[in-house]
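A.B. asks: Sharing a structure with you now.
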Amino acid sequence: PAFWQGRKVDHETLRFAEELFLGTAGAVEEIDSLLAAHSEHWKLERMAAVDRNLLRLAVRELMTRPDTPAAVVIDEALEIARRFSSEESVEFINGVLDAVRKALESRAAAGYKKGAEG
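Numbering-wise (my numbering), the sequence shown opens with residue 364 and increments by one.
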């Protein structure tokens, strides 16, 4: 893609970025459902586009990359928010991602328990 032209990016980073972007785009309804459930008093359409899309990418990574610690995913999202958004957004993004992380961990634990019983 044109975005990557003229940039020095290793193959692994390029593959990861494209996989994360395409995966997020393909699962946006599920991701938005999680975000809506854990962003108290905020509708997705009222969020700044940068914040909304950063949340979507981070949630997708939390959902699909168990090899990456959740704290690392959240910290990376916060670093991007510090650079491209406001300090208030950083706090908001941190709270939403932490709530989503807990929900995903509970869901995974429930699935594990269910599978262990079967």
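Beta carbons are placed, not taken as given, at the ideal position from N, Cα and C, and that holds for glycine. Only a predicted model underlies this, so the values are computations on that prediction, with no experimental measurement involved.
1. Evaluate the contact criterion for the stretch 368-383 versus the stretch 431-445: three or more CB pairs, one atom per stretch, below 8 Å.
2. Check whether the Cβ atoms of V422 and L385 lie closer than 9 Å to each other.
3. Could you tell me if the beta carbon of R409 falls within a distance shorter than 8 Å of some heavy atom in the ligand SAM?
4. For L425, count neighbouring C-beta atoms within 10 Å of its own C-beta (all shown protein chains included) and say buried if the count is 16 or more, exposed if not.
5. Does the beta-carbon of F366 have 16 or more other beta-carbons within 10 angstroms, so that it is buried, or is it exposed?
6. Closest to A411 by CA distance: which of A388, E403 and A444 is it?
7. Does the Cβ-Cβ distance between L460 and L418 come in under 9 Å?
8. Apart from the five residues just before and just after L407, which ones in its own chain have a Cβ nearer than 7 Å to its Cβ?
9. Specify the secondary structure class of A465 as computed by DSSP and reduced to three states.
10. Flag this pair as yes or no: are the beta carbons of F455 and S402 separated by less than 9 Å?
C.D. replies: If we stick to the structure as given:
1. no
2. no
3. This structure lacks the ligand SAM, and indeed carries no ligand of any kind.
4. buried
5. exposed
6. A444
7. yes
8. D395, L398, A399 and R415
9. Before going on, a small fix: residue 465 reads as Lys here, not Ala. Of the three classes helix, strand and coil, the one that applies to K465 here is helix, per DSSP.
10. yes
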